[in-house]
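Peer 1: Going by my numbering, the sequence shown opens with residue 17, and the numbers climb by one from there.
We treat Cβ as the ideally placed atom computed from N, Cα and C, and that holds for glycine.
The structure displayed is predicted, hence computed values, not measured ones.
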Amino acid sequence: MPLARPNRPLCNVANFVGSSRQFRELRARVEEEADAIQEFASKSGCEFAFIPPRAPGSLLLTAEELQTTLVAV
17 MPLARPNRPL CNVANFVGSS RQFRELRARV EEEADAIQEF ASKSGCEFAF
67 IPPRAPGSLL LTAEELQTTL VAV
C-alpha cells in the first residue's frame, strides 16, 4: 500500500538555512582547491561533461548518492 501524501507538509526553515551555509562553504573550498581537483581528475582520467541548463531530462540524486559523491571529491 503506498504512503499517503500529507495535506500540509511542514518544513523546518533552519534546515534550509544550514544547508545553504554548508553549500556556500563547500563552494568556497572547491574554488580554493580548484587547481588540485583539476590535477587529480586529470591524472585519474576523469572527464567532466556539462549539459546546458535547459537540456531535457535531469539528474536527480538521492541524499545518500549526493553525500557519496561529495565525500568522494
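How many angstroms separate the CA atom of ALA30 from the CA atom of ARG24?
Peer 2: The residue you call residue 30 lines up with position 14 of the sequence shown. The residue you call residue 24 lines up with position 8 of the sequence shown. Roughly 18 Å between the two C-alpha positions.
Peer 1: May I ask you to report which of helix, strand or coil DSSP gives LEU26?
Peer 2: Taking the sequence shown and counting its residues from 1, one reaches residue 26 at position 10. The answer is coil: DSSP assigns LEU26 none of H, G, I, E or B.
Peer 1: Tell me which residue opens and which closes the alpha helix (DSSP H) that PHE64 is part of.
Peer 2: Position 48 of the sequence shown, counted from the first residue, corresponds to residue 64. The continuous stretches of alpha helix (DSSP H) do not include PHE64, and DSSP gives it neither H nor E.
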